[in-house]
Every structure is written in structure tokens, then in C-alpha cells.
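What follows is one structure encoded as C-alpha cells, with my remarks underneath.
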Amino acid sequence: MGLFDKLTGTACPDDGVVPRPVGEVRAALLGLNGPDVPYVVRDGAAEGADVVAEWRLAEPAWQTHFVQSRLSRAVRFRMRFVEDEHEVRVVEEGREVTRVGNPPRLSISRQYTRGPDRTVSRHYTIGRGESGRLEATETFRFDSAELRDPLRDTVLTSGWTWRGVVFGRL
């Protein structure tokens, strides 16, 4: 892998992993869905992709989670399968997010970015520990890798390459 591959987030499967058929890779990605994960993986035909994964920003059950996280970017992954090369081409798109209203809700701006990015938010509470000394205890953590890592790991364990696309078409 070259420098450009590192900049785009491209990753290759381990040696000796036999590539699975495209249908199995697609099913494995769609299988990441669940009621306890803050993202949704769905068919992306309407958006010019094979599969799309994004945060559940619009779902009422997850609104509180994302407002508490002080999330500043909404991330969406559009993926296309290149069957001949056993490669999943991925465009990571980001939009700025702000909190509006009372009670606060999330609003997505028109500002658009393309390419790999990482957002981490942590909240701490200061208090006395068992020893009587002041301690900082992490009470909340949000990491955008919670979306990217399961997608990428699923593709790699299926024997396919995760190819980040920054320029050009998906």
C-alpha cells in the first residue's frame, strides 16, 4: 500500500482470506443493523450506491444520544461493490451538525466534506474517588469510528479490499 492509500483509508484483507461472493458481503454489511447500534446500514440504490451506512440522527430514540454527544459532524458512507477486483469502493461524506430549539434537536447544514475524518467526544465528571482524591470519571463517549470500523472489518474479513475514494466517482 502506498501513501495515497493510507490517506484515503484504504485497507486490504489479510493474506490467505478467500473472497466471498458479493451477495454474502452485502448480506454481512446489512446484518450489522440492529436496534442497539446508533447507525443504520441500508440499500443505497436511490443514492447511487449499493449500500449506504449513516448515523440514526432522525430517529427519535437516538436523538438524545446524539444531542448529548455534542456531535459536530454527520457521517455517511456510500459503498459500491467492484466484483471483478473484490473491492468495496467507499465514499465517506460529512456534513456539519448544529443543535437548535428547546428542547435541542439536530440540524444538518449544507456544508459538505468528502474523505476520511474522525470525530471523538468525551464527557467527564469530577468527583472524589475512594481514596478521597479528586478524579475525573468518563461519563459519556462518542467516537465516529463506531460506524467506520464495523463496516471496514466486515469487508476485510470477507476477503475484499476497503478502497477509500476521495476524488472521482464512486
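For any residue, its number in the working numbering is found by taking its place in the sequence shown, counting from 1, and adding 18. Backbone N, C-alpha and C fix where the C-beta goes; we use that ideal spot for every residue, glycine too.
In this structure, VAL55 keeps its C-beta atom at 8 Å or more from the C-beta atom of VAL108. By the C-beta criterion, the segment 35-50 is judged not to be in contact with the segment 150-161, since fewer than 3 inter-stretch pairs fall below 8 Å. Residue range 57-61 is occupied by the beta strand (DSSP E) that includes ASP61. In the pairwise beta carbon analysis, the segment 135-146 is classified as touching the segment 158-171: at least three pairs are separated by under 8 Å. With 16 or more neighbouring CB atoms inside 10 Å of its own CB, LEU169 falls in the buried class.
Apart from sequence neighbours up to five positions away, the residues of its chain that approach VAL70 with a beta-carbon distance below 8 Å are VAL59, ARG60, ASP61, GLY62, ARG94, PHE95, ARG96 and MET97, ordered along the chain. 8 Å or more divides the Cβ of TRP178 from the Cβ of PRO39. Secondary structure in the segment 133-188: the alpha helix (DSSP H) runs of 4 residues or longer, each lying completely within the stretch, are 163-175 in chain order. The beta carbon of THR172 is closer than 7 Å to those of ALA46, LEU47 and LEU50 in its chain, skipping five residues each way along the sequence. Within the same chain, and ignoring the five residues on either side of ARG146 in sequence, the residues whose Cβ sits closer than 8 Å to its Cβ are LEU152 and GLU153.
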